[in-house]
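Read through the structure below, which is laid out as structure tokens, and then see the notes.
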Amino acid sequence: KQEVTQIPAALSVPEGENLVLNCSFTDSAIYNLQWFRQDPGKGLTSLLLIQSSQREQTSGRLNASLDKSSGRSTLYIAASQPGDSATYLCALSSGYALNFGKGTSLLVTP
Amino acid sequence: EADIYQTPRYLVIGTGKKITLECSQTMGHDKMYWYQQDPGMELHLIHYSYGVNSTEKGDLSSESTVSRIRTEHFPLTLESARPSHTSQYLCASSAKLAGEGSDTQYFGPGTRLTVL
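Chains as they are written, first to last, in the numbering used here: chain Y, 1 to 110; chain D, 1 to 116.
The following block contains the structure:
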């Protein structure tokens with residue numbers, strides 16, 4: 001069974017810092033990897049999707065990388081803002097559904 | 001923005017009651033999913049559907065049931081709610097976007113259920 005681990009579990013940074021969230025997984029036989037954002041009491045918002053054949057995806061201040069051989073993905077957030085405060089979830093598709101990590105809770109302080 | 005809706009958003013109910021959580025999507029997606037998320041824990045798949053009249057159980061055992069009579073509608077029912085059912089329930093649908101090799105999932109806002 002796919003195990004997904006996200007480190008750190010929580011992170012607090014001052015506004016303007018660049019930061020990296022980490023995701024590791026045990027089974028490299030995946031279709032894709034998605035990074036989501038979850039705000040308190042709300043659903044998930046898809047941030048980036050990396051197909052199995054890709055190495056990275058970029059959207060605005062976000063960049064996600066995928067290294068299947070080492071079972072790792074990173075989400076890089078540039079010039080963080082207080083509005084980036086949320087829980088970030090990594091999820092892998094190995095078939096009909098997604099396997100999620102527990103998430104990294106990010107707090108960006110003004 | 002994904003057009004997937006869940007009602008109610010919050011529900012507090014007594015033990016033994018029958019409840020139905022609604023999920024609808026207007027994107028015409030064939031595949032739909034129900035996930036359960038306890039506070040501070042991962043989302044776990046409890047049900048999924050590949051299309052009308054198709055329903056399957058997910059990785060996490062659940063006492064809930066689902067139905068898929070229409071493409072856009074995927075309700076989840078608990079016949080007799082118990083405190084152990086207290087959790088957040090998230091509905092999702094997916095489709096393969098142009099140029100992509102696999103599905104992208106879109107999530108609804110979730111229903112936070114509390115059973116007293």
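Cβ coordinates follow ideal geometry from the N, Cα and C atoms, glycine included.
Residue i beta carbon near the ligand COA (any heavy atom closer than 7 Å)
| i | result |
| --- | --- |
| Met-32(D) | This structure does not include the ligand COA; it has no bound ligands of any sort. |
CA nearest to the CA of residue i, picked from the options
| i | options | result |
| --- | --- | --- |
| Ala-92(D) | Thr-114(D), Lys-18(D), His-44(D) | His-44(D) |
| Glu-3(Y) | Leu-66(Y), Lys-102(Y), Pro-110(Y), Ala-86(Y) | Lys-102(Y) |
| Gly-108(D) | Glu-56(D), Met-27(D), Pro-83(D) | Met-27(D) |
| Ile-77(Y) | Glu-15(Y), Leu-19(Y), Leu-11(Y), Ser-12(Y) | Leu-19(Y) |
| Glu-22(D) | Ser-94(D), Leu-116(D), Arg-70(D) | Arg-70(D) |
| Asn-123(D) | Glu-63(D), Glu-79(D), Pro-75(D) | What is shown of chain D runs 1 to 116, which leaves residue 123(D) out entirely. |
| Ile-7(Y) | Tyr-88(Y), Ser-70(Y), Tyr-96(Y) | Tyr-88(Y) |
| Ser-60(D) | Phe-100(Y), Asp-67(Y), Ile-50(Y) | Residue identity check: residue 60(D) is Leu in the sequence provided, not Ser. The residue with the shortest Cα to Cα distance from Leu-60(D) is Phe-100(Y). |
Spatial neighbours of residue i in its chain, beta-carbon cut-off 7 Å, leaving aside the 5 residues before and after
| i | result |
| --- | --- |
| Ser-102(D) | Lys-96 |
| Leu-113(D) | Leu-11, His-85, Thr-86, Ser-87, Tyr-89 |
| Arg-61(Y) | Ile-77, Ala-78, Ala-79 |
| His-29(D) | Ser-93, Ser-94, Ala-95 |
| Glu-15(Y) | Ser-80, Gln-81, Pro-82, Val-108, Thr-109, Pro-110 |
| Asn-63(Y) | Glu-56, Tyr-76 |
Inter-residue spacing [alpha-carbon to alpha-carbon] between residue i and residue j
| i | j | result |
| --- | --- | --- |
| Pro-39(D) | Ser-87(D) | 7 Å |
| His-47(D) | Asn-32(Y) | 20 Å |
| Gln-81(Y) | Gly-16(D) | 45 Å |
| Gly-58(D) | Leu-98(Y) | 11 Å |
| Ala-29(Y) | Asp-3(D) | 30 Å |
| Ser-94(Y) | Gln-34(Y) | 12 Å |
| Thr-55(D) | Leu-11(Y) | 39 Å |
| Ser-24(D) | Glu-17(Y) | 39 Å |
| Pro-8(D) | Pro-110(Y) | 34 Å |
| Glu-56(Y) | Ala-91(Y) | 15 Å |
| Asp-67(Y) | Thr-5(Y) | 15 Å |
| Leu-21(Y) | Ser-53(Y) | 21 Å |
| Gly-41(Y) | Gln-37(D) | 11 Å |
| Leu-107(Y) | Ser-70(Y) | 28 Å |
| Thr-104(Y) | Leu-75(Y) | 11 Å |
| Ser-85(Y) | Gln-51(Y) | 26 Å |
Neighbourhood of residue i by C-beta distance below 6 Å, restricted to the same chain and skipping five residues each side
| i | result |
| --- | --- |
| Tyr-35(D) | Leu-43, Leu-45, Leu-90 |
| Thr-65(D) | Thr-77 |
| Leu-44(Y) | Phe-36, Gln-38 |
| Asp-27(Y) | Gln-2 |
| Gly-14(D) | Leu-116 |
| Gln-105(D) | Ala-92, Ser-94 |
CB-CB length for residue i against residue j, believed under 8 Å
| i | j | result |
| --- | --- | --- |
| Cys-23(Y) | Ser-59(Y) | Not a contact, Cβ separation roughly 17 Å. |
Own chain partners of residue i with C-beta closer than 8 Å, once the 5 adjacent residues on each side are dropped
| i | result |
| --- | --- |
| Lys-31(D) | Tyr-48, Ser-49, Tyr-50, Gly-51, Ser-93, Ser-94, Ala-95, Asp-103 |
| Ile-19(D) | Leu-11, Ile-13, Thr-77, Leu-78, Ala-81, Leu-113 |
Beta strand (DSSP E) segments (min. 3 residues) lying fully within the region 10-55 of chain Y: 10-14, 19-25, 32-38, 44-51
Completely contained beta strand (DSSP E) runs for the region 15-74 of chain D, where each covers 3 or more residues: Taken in chain order, the whole beta strand (DSSP E) runs of length 3 or more contained in the region 15-74 of chain D are 19-25, 31-37, 43-51, 54-57.
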